[in-house]
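Colleague: Residue numbers (the numbering used here): 1256 to 1695. By construction, the Cβ of each residue, glycine as well, lies at the ideal position given by its N, Cα and C atoms. Bear in mind the structure is a predicted one, so any value in this text is a computation, not a measurement.
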């Protein structure tokens, strides 16, 4: 629910009250449109990883010591948007978002999935939207992000290994014509991992390759990156047809600030690591009925990197280790159940998605025995298949802005690699959430 409030203020902040009391002085009206979303919930998350690479069974395979946990969760977002009526086409759009959970969270770090026991997330934005006319709009934002993650219950949120900080900005211009809307945007930001260390990396390098290079810091910040991203998006509405078509293409360049690429003998090259991500996206939302909404999405991702892999223990080099291509299909369905409870209709949402990722230059690894923790490389390229199911039910209670929700989320990943290097390629992850939310 959107609320618009109007205030009268003077042309100078310090003398505002005096100016408002003086006749003949100009005054300006501020239109204030606050948007608030908040929720409190109880979440139970369970992560099951089968170290043999098979489906998780009930016989007692090795589990993560923190494979199940529950906690209270909190989420808040606040957008106190406002504009001066003397400049009706300019909206000032500050925004802040905060989230905390103490239950298991499956998060993506670079291109790998990790489970964290605790998470604190802060995101803030200051920007503006300007409408040149009813067909052309420009948005410009500056933002910061703080992600604090703890992998285990005894690790604090203050110094988690994979905690990071972002700072940057983005802008997007949109043009409307006929039944179409075209959008073009650019984003740049830097990401720093202030607590990430890899003490074993220096030791392994010196033992297997040779003396540590003089031009590379021993306190190597191997994950710190600078990112540039650009995109174009075309949205098409087909007149009276209940179908929309959205097409999008994105390119993201990730430049590592300190991490060099690795050569065939395991030494560092003169070039820093650089990654590129090219994405093509197709979205097909359909309004089947006033109570039924359906959307089918397809996403293709191509990832290329100049980084390679060298196994210090096996003296084994793999070029193009991080290159992959990925196909993802997702189905979304929203249903408004046509009977009222507490004066409002319940809303059911269902999402199904399947993803296949293939690393053409990375061989898979298979265990040679139950006690094998390294595995043997095969002639088959490494692949990962991921299925994702989400179900949520929301019921408004007593007012439009207050609701109760229940949700279930399940992710299953399988791979032809059944050896884990601090990363589980074969796992199940389930969460149940019950909570209340307000939105106005």
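Where in the stretch 1645-1693 do unbroken runs of the beta strand (DSSP E), each at least 3 residues long, occur, reported from the N-terminal end onward?
Modeller: Qualifying beta strand (DSSP E) stretches, in chain order: 1657-1670.
Colleague: In angstroms, rounded to a whole number, what distance separates the CA positions of residue 1682 and residue 1629?
Modeller: So the alpha carbons of these two residues sit roughly 18 Å apart.
Colleague: According to DSSP, is residue 1291 helix, strand or coil?
Modeller: Residue 1291 falls in the strand class under three-state DSSP.
Colleague: Is the Cβ-Cβ distance between residue 1515 and residue 1471 less than 8 Å?
Modeller: Yes, these two residues count as a Cβ contact at 8 Å.
Colleague: Measure the C-alpha to C-alpha separation of residue 1553 and residue 1584 and round it to an integer number of angstroms.
Modeller: The alpha-carbon atoms of residue 1553 and residue 1584 are separated by roughly 5 Å.
Colleague: Measure the beta-carbon distance from residue 1620 to residue 1633 and round it to whole angstroms, keeping in mind my assumption that it falls under 8 Å.
Modeller: Indeed, because the Cβ distance is near 7 Å, the residues count as touching under 8 Å.
Colleague: Can you tell me which of the three DSSP states residue 1722 falls into?
Modeller: As shown, the chain starts at 1256 and ends at 1695. That puts residue 1722 outside it, with no answer to give.
Colleague: Please classify residue 1434 as buried or exposed, where buried requires at least 16 neighbouring CB atoms within 10 angstroms.
Modeller: Residue 1434 should be labelled exposed.
Colleague: With a CB to CB cut of under 6 Å and the five nearest residues on each side skipped, what residues in its chain are close to residue 1611?
Modeller: Once the five neighbours on either side are set aside, the close Cβ partners of residue 1611 are 1582 and 1640.
Colleague: Output needed for residue 1696: all residues of its chain with C-beta closer than 7 Å, excluding positions within five of it in sequence on either side, in chain order.
Modeller: Since the displayed the chain opens at 1256 and closes at 1695, residue 1696 lies outside it and no answer follows.
Colleague: Where residue 1685 and residue 1296 are concerned, what is the direct C-alpha to C-alpha distance, given to the nearest angstrom?
Modeller: Distance between the alpha carbons of residue 1685 and residue 1296 is about 16 Å.
Colleague: Tell me the residue span of the alpha helix (DSSP H) that contains residue 1461.
Modeller: From DSSP, the alpha helix (DSSP H) with residue 1461 extends over 1454-1463.
Colleague: Alpha carbon to alpha carbon, how far is residue 1613 from residue 1396? Give it in angstroms, no decimals.
Modeller: For residue 1396 and residue 1613, the distance between alpha carbons rounds to 35 Å.
Colleague: Buried or exposed, going by whether 16 or more other CB atoms sit within 10 Å of the CB of residue 1517?
Modeller: Under this definition residue 1517 is a buried residue.
Colleague: So, for residue 1370: in the same chain, excluding its five sequence neighbours on each side, which residues have a beta-carbon less than 6 Å away from its beta-carbon?
Modeller: So the list reads 1302, 1359 and 1361, once near-sequence residues are dropped.
Colleague: Give a yes or no on contact between the stretch 1419-1434 and the stretch 1390-1405, applying the rule of three or more CB pairs nearer than 8 Å.
Modeller: Result yes; three or more Cβ-Cβ pairs closer than 8 Å.
Colleague: Give me the Cβ distance between residue 1386 and residue 1340, rounded to the nearest whole Å; I'm assuming they're in contact under 8 Å.
Modeller: Not quite, the Cβ-Cβ distance comes to about 14 Å (not below 8 Å), so this is no contact.
Colleague: Checking the sheet assignment: what are the DSSP bridge partners for residue 1602?
Modeller: Answer by DSSP bridge pairing, in chain order: 1591 and 1649.
Colleague: Going by alpha carbons, who is nearest to residue 1540 out of 1534, 1551, 1437 and 1533?
Modeller: Nearest of 1534, 1551, 1437 and 1533 to residue 1540, Cα basis: 1551.
Colleague: Identify the continuous beta strand (DSSP E) that holds residue 1389 and give its terminal residues.
Modeller: Residue 1389 -> no beta strand (DSSP E), and no H or E assigned at all.
Colleague: For residue 1261, is the classification buried or exposed, using 16 other Cβ atoms within 10 angstroms of its Cβ as the cut-off for buried?
Modeller: Only weak support is given to the placement of residue 1261: the predicted model assigns it a pLDDT of 46, under 50, and the question is left unresolved by the model.
Colleague: With DSSP as the reference, label residue 1398 as helix, strand or coil.
Modeller: If DSSP states are grouped into helix, strand and coil, residue 1398 belongs with the strands.
Colleague: Go ahead and pull the three-state DSSP assignment for residue 1418.
Modeller: Note: residue 1418 maps to coil in three-state DSSP.
Colleague: With burial defined as no fewer than 16 other Cβ atoms inside 10 Å of the residue's Cβ, what is the status of residue 1388: buried or exposed?
Modeller: So residue 1388 counts as exposed.
Colleague: By DSSP's criteria, residue 1488 is part of a beta bridge. Which residues make up the other side?
Modeller: In the DSSP output, where bridge partners are listed per residue, residue 1488 has 1438 and 1503.
Colleague: Return the first residue and the last residue of the beta strand (DSSP E) that residue 1523 is part of.
Modeller: 1523-1544 is the extent of the beta strand (DSSP E) around residue 1523.
Colleague: Can you pull the DSSP bridge partners for residue 1323?
Modeller: 1301.
Colleague: For the stretch 1431-1449 against the stretch 1476-1493, do three or more pairs of beta-carbon atoms, one drawn from each stretch, fall closer than 8 Å, so that the two count as touching?
Modeller: With a cut-off of 8 Å, the stretch 1476-1493 and the stretch 1431-1449 count as touching, because enough Cβ pairs lie within range.
Colleague: Who does residue 1296 pair with in a DSSP beta bridge?
Modeller: DSSP lists 1328 and 1690 as partners of residue 1296.
Colleague: Can you list, in chain order, the residues of its chain with a C-beta nearer than 6 Å to that of residue 1599? Leave out the 5 residues immediately preceding and following it.
Modeller: Cβ within range, chain order: 1651.
Colleague: If you draw a straight line from the C-alpha of residue 1616 to the C-alpha of residue 1373, how long is it?
Modeller: Each residue's Cα considered, the two are about 35 Å apart.
Colleague: Kindly identify the DSSP beta-bridge partner or partners of residue 1608.
Modeller: DSSP output for residue 1608 lists 1585 and 1643 as bridge partner(s).
Colleague: Do you know offhand how far residue 1356's Cα is from residue 1680's?
Modeller: For residue 1356 and residue 1680, the distance between alpha carbons rounds to 24 Å.
Colleague: Would you mind working out which of 1673, 1588 and 1604 sits nearest residue 1625, comparing C-alpha positions?
Modeller: Nearest C-alpha to residue 1625: 1673.
Colleague: Residues in the same chain with beta-carbon distance under 6 Å from residue 1400, minus the five sequence neighbours each way, listed in chain order, please.
Modeller: Answer for residue 1400: 1378 and 1421, listed in chain order.
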